[in-house]
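S.K.: Numbering of the sequence shown is given in my numbering, commencing with residue 5 and proceeding in unit increments. Here you go, one structure.
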Amino acid sequence: MEYNIALLKGDGIGPEIVDSAVAILEKTADKFGHKFNFTPYLIGGCAIDAAGVPLPQETVDGCLASDSVLLGAVGGPKWDDQPGDKRPEKALLGIRSALGLYTNLRPAKLYPALRAASPLKDEIVGKGFDLMIVRELTGGIYFGDRGYREGRYGQEAYDTEAYSVTEIERIGRVAFETAMKRSKCLCSIDKANVLESSRLWRKTMHALSEEYPEVQYTDMFVDNAAMQLVRDPQQFDVIVTSNMFGDILSDEASQITGSIGMLASASLGASTRGMYEPIHGSAPDIAGQNKANPIATILSGAMMLRYSFGLSEEADCIESAVDKVLNAGWRTADLMGSAEGISLTCTEMTEKISEVL
5 MEYNIALLKG DGIGPEIVDS AVAILEKTAD KFGHKFNFTP YLIGGCAIDA AGVPLPQETV
65 DGCLASDSVL LGAVGGPKWD DQPGDKRPEK ALLGIRSALG LYTNLRPAKL YPALRAASPL
125 KDEIVGKGFD LMIVRELTGG IYFGDRGYRE GRYGQEAYDT EAYSVTEIER IGRVAFETAM
185 KRSKCLCSID KANVLESSRL WRKTMHALSE EYPEVQYTDM FVDNAAMQLV RDPQQFDVIV
245 TSNMFGDILS DEASQITGSI GMLASASLGA STRGMYEPIH GSAPDIAGQN KANPIATILS
305 GAMMLRYSFG LSEEADCIES AVDKVLNAGW RTADLMGSAE GISLTCTEMT EKISEVL
C-alpha cells in the first residue's frame, strides 16, 4: 500500500521527534511492504518567520491533499509577543477546523516498566492503567465568541462556551463506539451543576446512552474527575468530555503515567484522514540538544497506521517494539526519575526501537 503523509514539524523539538517517527514508519513500511511519501509543510512559529502567518494556505491545502498528517509541536518564547490571532498556537485550532477534526483520542497508559516514574503511590497505580480520553475538538469555549468590553469594573475580557446537540451527539457516538471496542465502560465529564452548556451535554449524552445498552454509562463533574484521576485512575476506561475539560484532564492523565513524553493522540473527523501528534509541547529549553523523548510521536505514528490506514498489525508491531525497549531498561532522560535504566538520547531511543522492529 502507498500513502501520502503531510509532515508538520513545527517548532522547538518538533523537527527532532517527527524525524524519529518518520524513521520508524519507514522501517515499518520496509518490513510490511508499504510505501509512505512524506511532504513537509510549515506551521506555527517557523511559519510566522517564513510566511508571516502561523498557518499558511499552502499548509492547509497540502494537508487536505494528503492521506493523513503527522504533527510535532508549535510555539516558543520567541513568538510570545505576537497578537492572539497570530500566535503559533492559533495554527492548531485553524488546522483542526480546516480538516474537520472534531474528535481527539488521547490514550493514557502507565507501562508496568515505568511504574516507578509515576508520581502516584504504588498501591494506587497497582499493575498500571490504560484509559482513553475522547475530547471534543472544534467546539466549546476555544471556538466561541470572545473579545473585550466595558463591564461592571471597567474593561473586561470574555470567552463564550457553546455546544449544539449535533456537536455533542457527534462526539458522544465516537465515545460510545470506542467504549464498545474496549471494556464497555464510559464516563462523561461535565459541570452540569453550574454550566448551561454542560446541562445540555448531559441531557444529550443520556439520550444517546439508550442506543448503547451494553455500555455502562456514568456522569461525573469535572472537579471530581480531576480528583478521581489521581485517587484511582484504574476506575476509568473511556472518558468523554468537552474541549477545555478534555485539554486539562488529558494533561493530568499524562502526568500520572510518568512522563508527558509518552502520550500520543489522534485527531479525527468524518473521513479517514486524521492528524496525529504527541500531546506535549515544543519544549524550547531542550530543542536541538537531542534530549527529547520521541516515543509519543512514534506512538502517534502507530495510531495513524491503525485509525487512518487500517494497518492494525503494523501499529501493533510498533507498540510492541516500544514495550520491549522499555522493559529492557532503555530510557530517555525524562523517564529516568527514580527508576533504574540506561539513559538514551532521542536518536538512540529511535534506533533501539528500530532495531526491535
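We put the beta carbon where it would ideally sit given N, CA and C, even for glycine.
1. How would you label Gly-155, buried or exposed, when you count the other beta carbons within 10 angstroms and need 16 or more for buried?
2. Report the start-end ranges of each alpha helix (DSSP H) in the region 171-216 that is 4 residues or longer and not cut off at the edges.
3. May I ask which residues mark the beginning and end of the beta strand (DSSP E) holding Asp-295?
4. For Thr-43, write down the residues that DSSP places opposite it in a beta bridge.
5. Expressed to the nearest angstrom, what Euclidean distance is found between the alpha-carbon atoms of Ala-161 and Ala-230?
6. Please classify Ser-316 as buried or exposed, where buried requires at least 16 other C-beta atoms within 10 Å of its C-beta.
7. Provide the residue(s) that pair with Arg-91 in DSSP beta bridges, ordered along the chain.
8. So if DSSP puts Lys-113 in a beta bridge, which residue, or which two residues, is it bridged to?
9. Would you report the Cα separation of Cys-189 and Asn-41, rounded to the nearest angstrom?
10. Can you name, in chain order, every residue of its own chain whose Cβ lies under 6 Å from the Cβ of Lys-35, other than the five neighbours on each side?
11. When the Cα atoms are used, what is the spatial distance from Tyr-280 to Leu-105?
12. Sort Leu-75, Asp-65, Leu-59 by Cα distance to Pro-92 and report the nearest one.
13. Could one say the Cβ of Gln-61 lies closer than 8 Å to chain B's Cβ atoms, at least one of them?
14. What whole-angstrom Cβ distance do Thr-63 and Ile-52 have, given they're in contact under 8 Å?
15. Could you tell me which residues DSSP puts in a beta bridge with Glu-127?
16. Quick one: what's Gly-66 bridged to in DSSP?
17. If you count every other CB in all the chains shown that lies within 10 Å of the CB of Glu-318, and 16 or more means buried, which is it?
18. For Leu-204 and Gly-151, I'd like the C-alpha separation in whole angstroms.
19. Rounded to whole angstroms, what's the CA-CA distance from Ala-120 to Arg-153? Just pull it up for me.
20. According to DSSP, simplified to helix, strand and coil, what is Gly-333?
21. Report the option in Gly-80, Ile-290, Ser-246, Ser-324 whose CA atom is closest to the CA atom of Ile-357.
22. Using a Cβ-Cβ cut-off of 7 Å (strictly less than) and excluding sequence neighbours within five positions of Asp-15, which residues of its own chain qualify?
23. What does a CB cutoff of less than 8 Å around Gln-159 pick up in its chain, not counting 5 residues either side in sequence?
24. Within the chosen definition, does the region 210-217 reach the region 258-271 through at least 3 CB pairs nearer than 8 Å?
M.R.: In short:
1. exposed
2. 200-213
3. It should be noted that the sequence gives Lys, not Asp, for residue 295. Premise fails: Lys-295 is in no beta strand (DSSP E) and is neither H nor E.
4. Ala-10
5. 26 Å
6. exposed
7. DSSP output for Arg-91 lists no bridge partner at all.
8. Asp-134
9. 38 Å
10. none
11. 11 Å
12. Leu-59
13. Here there is only one protein chain, and chain B is not present.
14. Not quite, the Cβ-Cβ distance comes to about 12 Å (not below 8 Å), so this is no contact.
15. Paired residue(s): none; Glu-127 is not in a bridge.
16. BP columns for Gly-66 are empty, so no partner.
17. buried
18. 25 Å
19. 50 Å
20. coil
21. Ser-324
22. Gly-48, Gly-49, Cys-50, Ala-77, Val-78, Gly-79, Gly-80, Pro-92, Ser-286
23. Tyr-152, Arg-153
24. no
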